[in-house]
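Step one of this worksheet: look at the structure below.
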Amino acid sequence: MAEDIRVRIAPSPTGKFHIGTARTALFNYLFAKKNEGKFILRIEDTDRERSEEVYTKDIVEGLKWLGLNWDEGPEVGGAYGPYFQQERLGIYEEYTEQLLEEKKAYKCFCTPEELDKERAEQQANHQPPKYSGKCRGLTQEQIEQNERAGKPYAIRFIIEPQSIVVDDLIRGKVEFDAGLFGDFPIVRSDGTPLFIYTNVIDDRLMEISHVLRGEEHLANAAKQIILAQGLNFLNPQFGHFPLIFNADHSKMSKRKDPVSVNDDYRQKGFLPEALLNYMVLLGWSSGTDREIYSLHDLISEFQIERVGKSPSIFDPEKLLWMNGYYIRNYQVGDLAEGAKGFIKDPKILAAADKEPEFFLQTLASVQDRLKKLDEVEPMIELFYEPPKDYPVSMLVAKKSTAERAKKALQVAAKALGDIKDFSYDSTEIALRASAKANDLKDGEILWTVRVALTGKEASPGTFELLEILGKPESLRRIETAQRKIKSLK
RNA sequence: GGUCCCAUCGUCUAGUGGCCUAGGACGUCGGCUUUUCAUGCCGAAGAUCAGGGGUUCGAAUCCCCUUGGGACCGCCA
């Protein structure tokens, strides 16, 4: 392509970094990197009422966590700044003045109440809700009179009926009848500009080549094309991605669904690699059977032409599977790094730093069982603390008896006590041999010992536990179990 | 109500006129490995390709209609 590829995501900091925004960011990022272009982050914070700094921070942190680093924007700067719209207000004002002067826009003195009423009437009459254009016909005199009276006004852009074709990268040519739109506001009565307007100006000024965003903006694209005409701007190439929904086909909402990248995914123990990989599959596929991709692989494999048109449903189950898959394929050292952030118990944390080798061993023993990082602590705490209270009956293996469980403990204590080199292999040989010699099934002795060691229904295997726990601790726990089981008939 | 978009297993998807008696993945179920739970491996069930009309020798694939779902129609983005 002759022109430079420049794409952007333009979130407004009115809420936590949303999973849908994250996927849009991913697609933009991939498109930019694939085409050796620039990925830009612009914060659309002109809505002072609802914008908050904490949300900007949340977005920035989330993007960084995912590894979707931007080439221009907050923190990194760039030649097309500022990248916060709040700092660009002067720019918009100039264009507004120009539009007003050229009679392409006008001051509207209608109050919100009047507009609400108008809309309600249209709805009642089964008319499409659309601004009547009442203030468009105001005379100069009337305008001045209103202004003198101190009446607040918004500024509306004049829409002439015409047919607008959005040539969409994903959907092809989509035609809209602009006559149905009505004059839309570009500046609020408090003087701040609106998204649909600032978007067009900034995209032009920042020389954005492709505007790639969610499908909910498709109709906005038509309006923005008209706006660009009025401003004598070139249009970017548009592309609108299909939306992501819940299993019940409802929109994923902040209120009831896990949509916050930081709160619901990062802090819950999901890996950025897994989330990224899962998200890219929502709407995109390579055309092959391959589904596992690193961000790096994606940059070369991703093709925007292969993004589908139909909306998809977010499947937490598959994400969970994929997260487990990535965890299983981590080097234990990397797993340790990630897991530490999820361990609350200071004792375990301190022990992990003091004896990193031991910590790694414990992690390796549970690695295949993990689906999320926040499951690490409950799974490895048994290595740092003896089992508390578990029902004594659990010591009895399936299809066995209390009597035989007692015997198993006795036999195991004896066999294990004789071992000098306490390893996986040596404990296995000893336990199996003693089971055979004492007329116990392997399962009877191994299950009982494992429960004595862990107090859990599910855990790593007996020999592995024995090896990691070591001889003294293992024997202590078996002894405890022996005392415990005396009460059982 | 209007405009626009979308439509293949429960879910994500492959499929661009014959290779499709529709492929893969998650999930589900069964088996093997086995001391539990996982992992791993093997296998099964699961889609009259929303429905109906065309076009064609031939359609999941092209056209039309119907139905269903969704988005938008804000001084939110």
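The first sequence begins at 2 in my numbering and counts up one residue at a time. Think of the CB as a built atom: it goes at the ideal place given N, C-alpha and C, for glycine as much as any other residue.
Check, Outcome
"Please report how far the alpha carbon of Cys-1 lies from the alpha carbon of Thr-140, in whole angstroms.", "Since the first residue of the chain shown is 2 and the last is 490, residue 1 is not available in this structure."
"What does the Cβ neighbour count give for Ala-33, buried or exposed, with the cut at 16 atoms within 10 Å?", "buried"
"Considering only the alpha carbon of each residue, which of Gly-38, Ile-314, Pro-387 lies closest to Glu-208?", "Gly-38"
"If you follow the alpha helix (DSSP H) that Lys-472 is in, where does it begin and where does it stop?", "472-486"
"Judging by CA-CA distance, which residue of Thr-25, Ala-406, Glu-465 is the nearest neighbour of Gly-444?", "Ala-406"
"Just how far apart, CA to CA, sit Leu-42 and Ile-293?", "27 Å"
"In the DSSP assignment, the alpha helix (DSSP H) including Lys-355 goes from what residue to what residue?", "347-355"
"I'd like to know whether the C-beta atoms of Phe-85 and Asp-48 end up nearer to each other than 8 Å.", "no"
"Provide the residue(s) that pair with Lys-108 in DSSP beta bridges, ordered along the chain.", "Ile-156"
"Return the residue from the list Phe-423, Thr-402, Ile-202 that minimises the CA-CA distance to Lys-487.", "Thr-402"
"How many whole angstroms separate the CB atoms of Ala-150 and Cys-109, which I take to be in contact at a CB cut-off of 8 Å?", "At roughly 15 Å, the Cβ-Cβ gap does not stay under 8 Å, so Ala-150 and Cys-109 are not in contact."
"Since Arg-9 contacts Asn-36 with CB under 8 Å, what's their CB separation in whole angstroms?", "With a Cβ gap of about 14 Å, Arg-9 and Asn-36 do not count as contacting."
"Report the rounded CA-to-CA distance for Lys-135 versus Asp-290, giving the unit in angstroms.", "58 Å"
"Among residues of its own chain, excluding the 5 on either side of Ala-3, which ones have a beta-carbon nearer than 8 Å to its beta-carbon?", "The predicted model places Ala-3 with a pLDDT of 43, which falls under 50 and marks its position as unreliable; any figure quoted below should be read in that light. Within the same chain, Ala-3 has no close Cβ partners at all."
"What residue does the alpha helix (DSSP H) around Pro-379 start on, and which one ends it?", "377-385"
"Please state whether DSSP places Phe-360 in a helix, a strand or coil.", "helix"
"Could you tell me if Ala-80 is buried or exposed, where buried requires 16 or more neighbouring beta carbons within 10 angstroms of its beta carbon?", "exposed"
"In three-state DSSP terms, what is His-127?", "coil"
"Taking the continuous beta strand (DSSP E) assigned at Gly-215, which residues delimit it?", "211-215"
"Please tell me whether Lys-372 and Leu-321 are closer than 8 Å, where the distance is taken between their beta carbons.", "yes"
"Would you tell me roughly how many angstroms separate the C-alpha atoms of Glu-378 and Ser-251, rounded to the nearest one?", "35 Å"
"Residues in its own chain within less than 8 Å of Lys-389 by CB, not counting five upstream and five downstream?", "Gly-456"
"Classify Lys-252 as helix, strand or coil using the three-state DSSP reduction.", "strand"
"Do you know offhand how far Asp-117's Cα is from Gly-231's?", "28 Å"
"Taking the alpha carbon of Ser-435 as the reference point, which residue from Ala-414, Gln-483, Gly-240 has its own alpha carbon closest?", "Ala-414"
"Closest by CA to Pro-312, which one among Asn-233, His-241, Tyr-96, Ser-190?", "His-241"
"How far does the alpha helix (DSSP H) with Glu-54 in it extend, from its first residue to its last?", "54-67"
"Along the beta strand (DSSP E) that carries Pro-186, what are the first and last residues, could you check?", "185-188"
"Helix or strand or just coil, what does DSSP make of Gly-1?", "This structure gives no information on residue 1, because the portion of the chain shown stretches from 2 to 490."
"Quick one: any contact between the segment 95-105 and the segment 209-225, if contact means 3 or more CB pairs under 8 Å?", "no"
"So is Asp-5 buried or exposed if we call it buried at 16+ other beta carbons inside 10 Å?", "exposed"
"Any heavy atom of the ligand PLP closer than 7 Å to the beta-carbon of Gln-304?", "Because no ligand of any kind appears in the structure shown, any question about the ligand PLP cannot be addressed here."
"Quick one: what's Glu-73 bridged to in DSSP?", "Ile-41"
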